[in-house]
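Engineer: One structure, as structure tokens, below. Some questions next.
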């Protein structure tokens, strides 16, 4: 979950700083959020009885 929060904070910081025209910053935030969600789901499946 920490990666999801970090990605969201990166997107908020880029919006506040005015970096919304930079695709690299926006894609980095998106990738961090997706990676965090995927790792969280993997951790839940590994620890649970699915």
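Numbering (my numbering), first residue to last: 53 to 102. For glycine and all other residues, C-beta sits at the position ideal for the given N, C-alpha and C.
1. To the nearest angstrom, how far is the alpha carbon of residue 96 from that of residue 72?
2. Provide the residue span of the alpha helix (DSSP H) that contains residue 66, from first to last.
3. Return the CA-CA distance between residue 84 and residue 77, expressed in angstroms with no decimal places.
4. Using the beta-carbon count (16 or more within 10 Å), is residue 87 buried or exposed?
5. Cα separation between residue 75 and residue 91?
Structural biologist: If we stick to the structure as given:
1. 33 Å
2. 54-69
3. 11 Å
4. exposed
5. 24 Å
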